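Notes for the one structure printed next.
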Amino acid sequence: MLPQLYDIFTSCVDIQSQIVPSLEEKASACTMTLSHLYCGRVLQAYPSCGEFLGRGRRDYDMFLRVWLSLGGMRTADEVVLVTTMDLCLLEGRSSVGSPFCSLDACPDSVSEWLSHSLPYHFLTGRMNERGERLAIKVISKLLSSPSSPSNQIIANCTLLACVMVGAQVDKKDIVRIDKRCHRLIW
């Protein structure tokens, strides 16, 4: 599935390695889906790191090509990609750029996705200082929202905070979409 999604994304890119304007939404959907599925694949295979996307290249290089294709067009996609690229790297290393200061410009859906996906980084030991700051920013943004956060968001943020401080959590609890019924939280 991951190689097919990557192929779909590359079909949205022109010969100058830029996303075709009429295919931006399709490319964005592929970026989010590819990143989301990649997190789950890495967690299943932990602690190995490698070539889940195939094509004879490191995963980091494949995501770097996607990131370069964006050409600074979409802040939300950039945040998602750089976070995923950090997951491709070994413990303590950082990938390209630092778009996390632009998290405020992203829609809440990106922060919500990050509240679900960032625990993968902590659980696999592939978290760096930049990622820790991002996790704190995500929790802060979601829980200090003017509108009352949903139970799902509260559960995601609580689980993220628990993983950040080293609480032992089963992998099954991380991949569970609906964390509201998690025994550690409630």
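Quick note on this note's numbering: the sequence shown kicks off at 1019 and runs consecutively. Every residue gets a Cβ at the ideal spot worked out from N, C-alpha and C, and that includes glycine. Just so we're clear, the structure is a prediction, and the values are computed from it rather than from any experiment.
Nearest to residue i (by Cα), restricted to the options the options
i     : options                       : result
Y1138 : K1159, T1102, I1154 and S1040 : T1102
W1140 : T1049, L1082 and V1187        : Position check: residue 1140 holds Phe in this sequence, whereas Trp was assumed. For F1140, the nearest C-alpha among the options comes from V1187.
C1048 : G1058, D1077, P1021 and D1122 : P1021
T1176 : K1190, K1189 and A1153        : A1153
V1038 : G1089, A1179 and H1054        : G1089
L1136 : S1166, M1019, V1181 and N1169 : V1181
K1190 : G1058, K1044 and A1045        : G1058
D1079 : L1041, Y1024 and I1192        : Y1024
F1027 : M1019, S1046 and S1040        : S1046
Supposed close pair residue i, residue j - CB separation, criterion 8 angstroms
i     : j     : result
E1159 : S1129 : A small fix is needed here, since residue 1159 is Lys in this sequence, not Glu. With 8 angstroms as the limit, K1159 and S1129 qualify as a contact, their Cβ atoms being about 5 angstroms apart.
V1097 : C1124 : 6 angstroms
G998  : D1077 : This structure gives no information on residue 998, because the portion of the chain shown stretches from 1019 to 1204.
S1029 : L1086 : No, S1029 and L1086 are not in contact; Cβ-Cβ is about 16 angstroms, not under 8 angstroms.
Span of the alpha helix (DSSP H), counted from its first residue to its last, around residue i
i     : result
L1136 : D1126 to T1142
L1178 : N1169 to M1182
P1009 : Nothing can be reported for residue 1009, as the shown portion of the chain is limited to 1019 through 1204.
I1033 : Here I1033 belongs to no alpha helix (DSSP H), and DSSP marks it neither H nor E.
G1149 : E1147 to L1161
L1041 : Run containing L1041: none; DSSP gives neither H nor E here.
R1083 : D1077 to L1088
Proximity of residue i and residue j at Cβ, strictly below 9 angstroms
i     : j     : result
R1144 : V1060 : yes
M1019 : L1041 : no
8 angstroms CB neighbourhood of residue i in its chain, flanking five on each side removed
i     : result
M1050 : D1095, V1098 and W1131
D1122 : K1159
S1163 : D1126
Contacting residues, own chain, Cβ-Cβ under 7 angstroms from residue i (five flanking each side not counted)
i     : result
H1134 : N1174
Same chain, Cβ closer than 6 angstroms to residue i, five either side skipped, listed in chain order
i     : result
S1053 : V1098 and T1102
CB contact check: residue i to chain B, cutoff 9 angstroms
i     : result
Q1170 : The chain inventory of the structure shown lacks chain B, comprising one protein chain alone.
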